[in-house]
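Engineer:
In this note's numbering, the protein residues as written are -12 to 704.
#1: Which residues in the same chain have their Cβ closer than 7 Å to the Cβ of residue 17, if we skip the five residues on either side of it in sequence?
#2: To test your reading of the DSSP string, which unbroken alpha helix (DSSP H) runs of 4 or more residues are found completely within the segment 132 to 189?
#3: Within a Cβ cutoff of 6 Å, which residues of the same chain sit near residue 422, ignoring the five residues on either side of it in sequence?
#4: Have a look at residue 321 and residue 234 and give me their C-alpha separation to the nearest angstrom.
#5: Given this structure, state the Cα-to-Cα distance separating residue 178 from residue 165, to the nearest angstrom.
#6: Can you say whether residue 622 is buried or exposed, counting buried as having 16 or more other CB atoms within 10 angstroms of its CB?
#7: Tell me which residue opens and which closes the beta strand (DSSP E) that residue 531 is part of.
#8: With residue 209 and residue 193 assumed to form a contact (beta carbons below 8 Å), what rounded beta-carbon distance in angstroms separates them?
#9: Using a Cβ-Cβ cutoff of less than 8 Å, which residues in the same chain neighbour residue 639 once the five nearest sequence positions on both sides are dropped?
#10: Would you report the Cα separation of residue 14 and residue 0, rounded to the nearest angstrom?
#11: Taking the DSSP output, what are the residues bridged to residue 613?
#12: Measure the Cβ-Cβ separation of residue 483 and residue 403 and say whether it is below 9 Å.
#13: With H, G and I counted as helix, E and B as strand and the rest as coil, what does DSSP make of residue 623?
#14: What alpha helix (DSSP H) runs, 4 residues minimum, are completely inside the segment 200 to 274?
#15: Please look up how many angstroms separate the CB atoms of residue 173 and residue 211, rounded, as I've assumed it's under 8 Å.
#16: Output needed for residue 637: all residues of its chain with C-beta closer than 6 Å, excluding positions within five of it in sequence on either side, in chain order.
#17: Out of 109, 126 and 132, point me to the one whose CA is closest to residue 120's CA.
#18: Thinking just about the alpha-carbon of each residue, which of 190, 89, 682 and 493 is nearest to the one in residue 463?
#19: Taking the continuous beta strand (DSSP E) assigned at residue 565, which residues delimit it?
#20: Residue 229: buried (16+ other C-beta within 10 angstroms of its C-beta) or exposed?
#21: Can you tell me which residues form a DSSP beta bridge with residue 507?
#22: Indicate whether residue 661 and residue 57 have their beta-carbon atoms separated by less than 9 Å.
#23: To which residues of the same chain is residue 252 closer than 8 Å at the C-beta, ignoring the five residues directly before and after it?
#24: Over the uninterrupted alpha helix (DSSP H) stretch that includes residue 34, give me the two end residues.
#25: Count the other C-beta atoms from every protein chain shown that fall within 10 angstroms of the C-beta of residue 51, then say buried if there are 16 or more, exposed otherwise.
#26: Rounded to a whole number of angstroms, what is the C-alpha to C-alpha distance between residue 78 and residue 89?
#27: Would you mind reading off the limits of the beta strand (DSSP E) that contains residue 439?
#28: Measure the beta-carbon distance from residue 553 to residue 512 and round it to whole angstroms, keeping in mind my assumption that it falls under 8 Å.
#29: Using CA coordinates, which residue listed in 365, 115, 375 and 522 is at the minimum distance from residue 496?
#30: Quick one: what does DSSP say residue 640 is sitting in, helix, strand or coil?
#31: Measure the CB-CB distance between residue 448 and residue 181 and report whether it falls below 9 Å.
#32: Going by the CB atoms, is the gap between residue 450 and residue 444 shorter than 9 Å?
#33: Is residue 79 helix, strand or coil by DSSP?
#34: My output table needs one value for residue 112: the three-state DSSP class, helix, strand or coil.
#35: Counting C-beta neighbours from all protein chains within 10 Å, is the total for residue 205 16 or more, i.e. buried, or is it exposed?
#36: With 16 other CB atoms within 10 Å as the buried threshold, where does residue 313 fall?
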């Protein structure tokens, strides 16, 4: 491994026609390099750090006709107690930050190997710009990039997202704004702006999407042709509309004109016979205007001469005048209130009657009220637009004054798109932060408000700002469904709700410790392991339950509590505390207990089991309870005594007969078959005999089933 090849020379004798067992010790002084030089400790550790292959020579003599490899086993040490012997030869180094392993041979999570340094190279922290917690230990590329990023160093945003992923925050890459569609009905050659609004509408159209005709034109601008909007055929005015029958009708006819196209004289007017006035556009002129007039009697055609008499006609009195108070021309939005006040001008106000009317109609709109010269129109509608006339009459005279009402429609507001949320589901542990983001594509002005599903208020501890729903420390009451509501700033459109965002708050996972209890002799090593299921990145920290500091030489490294030489002062309970990388609330494990005994106390353990405490003896435990192999395959059973891990154990058949020749009992609880035979199928028990032989404890029987070799061939076929 690691481009280092080492070889081992066997000096043990090999016997023909029998099984030979060869044991190879992995010490550097037993191995040599390919050039014949002895291997160093560094060479052996570097090769074992990344082992590629183990090559075993099959022939050891020149005259060997055949040889076969029956089985190969490799012993290894576990960091926690498994019931076996303590591997004193295996070193347990206290690694600096960035390194893990018994010999610090591997890079820790979040670190990768670089080319610098000695031996295997240096382990340096991965450069993932804060978007990944792990990387490939050998090549350094980041694994599982988060926050909508990608790349070997999570240095760029995923497609569909924009931003600078190298800033190192979870919000570097945000969804790219979706440009709204450009719909201009073929009336805007320049297209739209970034908000989908048409630029420079042509063909006499206007609006966000060139969807309506300009003032002074009528038609259907949605047809999409250059001739959609036609000029209004209204003399003296530029505004018209299509009525319910699809006919064009003029709005706000000039004074004296009425009719659908302002082609008729209004009441109180007559057609002018003066060519000059007609040329000026005054087709109709008011009647009833009295001036001083001379009357001349013309002689009769017969030529009779008669005396000429001259008379002067005198009006009934000075002419009356009425006037509408300013402003006469009103611009009122739909639903608003219009008001005029008309008064008589001059000395003759008594006996003058004021009456309001709408020019071109038989009366006033149903929502209009007049009283003593005042006209009020409540809840103005578009059909109320037009010309209104105040008429004063009395003493065989009348006078008028006109006012104009222009009705302004509500502005057209583009429909609000449905807001989006990210993520739609978020699962956090209790005490960890949670965050949701809400936005409306292409509309940065939308007002965003978060609420609970069912219009319920947000629970305590929940914050919202600019579409961000933030929960610094999630609790059980925060779990549920949230909805983001978007509304336009003007308030003409009803709010639109987003899809449901679901928050799941799981209980904080308690860290586990192994072993929960451990008894060692004084000056012997002890070790506890701590981990959080399902959370390999949790930050782990050991402490004593009584609050005292850890003993001299005790190390706490990535969940491993190592005591190289246990002392009586090290005995007691230890607690492992775990918290997430997001600064969650620490969670404690159950206490792990360490008992340190004097050496003589361990030797007298077996004696203490007899006498008054003999009733507390436990029978040996075995694993597995059943084993099925094919003929020629190896098989193994393990046995141990929970109350005495150093007890001497012995295997036998359940009927008391000796073990078969193919079985091997090492005396420590391991029953091993190098090559099982069909005749080995039977029940076996593990026995523990006390030192004085006064008591024998048997385990539950285990069963070994060995199937014939022919059945394996049939399965392969």
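A virtual CB, placed ideally from N, CA and C, is assigned to each residue, including glycine.
Structural biologist: Looking at the atomic coordinates:
#1: Within the chain shown, numbered from 1, the residue matching residue 17 stands at position 30. Counting only Cβ-Cβ distances below 7 Å, and skipping sequence neighbours, we find -5.
#2: Assignment of alpha helix (DSSP H) within the segment 132 to 189, counting only whole runs of 4 or more residues, yields no such run.
#3: Reading the chain shown from its first residue, position 435 is the one you call residue 422. So the qualifying residues of the chain are 457.
#4: Reading the chain shown from its first residue, position 334 is the one you call residue 321. Reading the chain shown from its first residue, position 247 is the one you call residue 234. If I take the Cα positions, the gap works out to 23 Å.
#5: Walking along the chain shown from the start, residue 178 turns up at place 191. Walking along the chain shown from the start, residue 165 turns up at place 178. Straight-line Cα distance between these residues: approximately 16 Å.
#6: Sequence index remark: in the chain shown, residue 622 carries index 635 (1-based). Flag for residue 622 reads buried.
#7: Residue numbering aside, residue 531 sits at position 544 when the chain shown is read from its first letter. Unbroken beta strand (DSSP E) run through residue 531: 526 to 531.
#8: Against the chain shown, residue 209 aligns to sequence position 222. Against the chain shown, residue 193 aligns to sequence position 206. In fact, because the Cβ distance is near 13 Å, the residues do not count as touching under 8 Å.
#9: Stepping through the chain shown from its first residue, residue 639 is reached at position 652. Result list for residue 639: 645, 646, 671, 672 and 674, in chain order.
#10: Here residue 14 refers to the residue found at position 27 when the chain shown is read from its first residue. Here residue 0 refers to the residue found at position 13 when the chain shown is read from its first residue. Distance between the alpha carbons of residue 14 and residue 0: 21 Å.
#11: For the purposes of this step, residue 613 is taken as residue 626 along the chain shown, with counting starting at 1. According to DSSP, which records beta bridges pairwise, residue 613 is partnered with 690.
#12: Working through the chain shown from its first residue, we reach residue 483 at position 496. Working through the chain shown from its first residue, we reach residue 403 at position 416. Their beta carbons are under 9 Å apart, which means residue 483 touches residue 403 by this criterion.
#13: Working through the chain shown from its first residue, we reach residue 623 at position 636. Three-state result, residue 623: strand.
#14: 262 to 266
#15: Your numbering for residue 173 matches position 186 in the chain shown. Your numbering for residue 211 matches position 224 in the chain shown. Contact between residue 173 and residue 211 holds: their C-beta atoms lie close to 4 Å from each other, under 8 Å.
#16: Position 650 of the chain shown, counted from the first residue, corresponds to residue 637. So the qualifying residues of the chain are 674.
#17: For this step, residue 120 is matched to residue 133 along the chain shown. Checked all of 109, 126 and 132; the closest Cα to residue 120 is 132.
#18: Taking the first residue of the chain shown as position 1, residue 463 is located at position 476. Nearest to residue 463 by alpha-carbon distance, out of 190, 89, 682 and 493, is 493.
#19: If you number the chain shown from 1, residue 565 lands on position 578. Per DSSP, residue 565 is one residue of the beta strand (DSSP E) stretching across 559 to 566.
#20: Translated into the one-based positions of the chain shown, residue 229 becomes position 242. So residue 229 ends up on the exposed side.
#21: To locate residue 507, count along the chain shown from 1; it is residue 520. Looking at the DSSP assignment, residue 507 forms a beta bridge with 583.
#22: One-based indexing of the chain shown puts residue 661 at position 674. One-based indexing of the chain shown puts residue 57 at position 70. Closer than 9 Å, so yes.
#23: By one-based count along the chain shown, residue 252 stands at place 265. Hits under 8 Å: 243, 244, 245, 258, 270 and 271.
#24: In the chain shown, counting from the first residue as 1, residue 34 sits at position 47. Segment 28 to 36, the alpha helix (DSSP H) holding residue 34.
#25: Working through the chain shown from its first residue, we reach residue 51 at position 64. Answer is exposed; the Cβ neighbour count stays below 16.
#26: Locating residue 78 in the chain shown gives position 91, where the first residue counts as 1. Locating residue 89 in the chain shown gives position 102, where the first residue counts as 1. Going by the C-alpha atoms only, they are around 6 Å apart.
#27: Looking up residue 439 in the chain shown gives position 452. 434 to 439 is the span of the beta strand (DSSP E), which, as asked, contains residue 439.
#28: Here the question's residue 553 lines up with position 566 in the chain shown. Here the question's residue 512 lines up with position 525 in the chain shown. With a Cβ gap of about 7 Å, residue 553 and residue 512 count as contacting.
#29: Within the chain shown, residue 496 is the residue found at index 509, counting from 1. Of the candidates 365, 115, 375 and 522, the one whose C-alpha sits nearest the C-alpha of residue 496 is 522.
#30: Taking the first residue of the chain shown as position 1, residue 640 is located at position 653. Three-state DSSP puts residue 640 in a strand.
#31: Residue 448 sits at position 461 when you count from the first residue of the chain shown. Residue 181 sits at position 194 when you count from the first residue of the chain shown. Contact flag unset, no.
#32: Looking up residue 444 in the chain shown gives position 457. Looking up residue 450 in the chain shown gives position 463. No.
#33: As a first step, residue 79 is located in the chain shown; it is residue number 92 there, counting from the start. Note: residue 79 maps to coil in three-state DSSP.
#34: Translated into positions along the chain shown, residue 112 becomes position 125. It is a strand residue.
#35: Residue mapping note: residue 205 aligns to position 218 of the chain shown, counting from 1. It is buried - the Cβ of residue 205 has at least 16 other Cβ atoms within 10 Å.
#36: As a working note, residue 313 is residue 326 in the chain shown. Counting Cβ neighbours within 10 Å, residue 313 comes out exposed, since fewer than 16 surround it.
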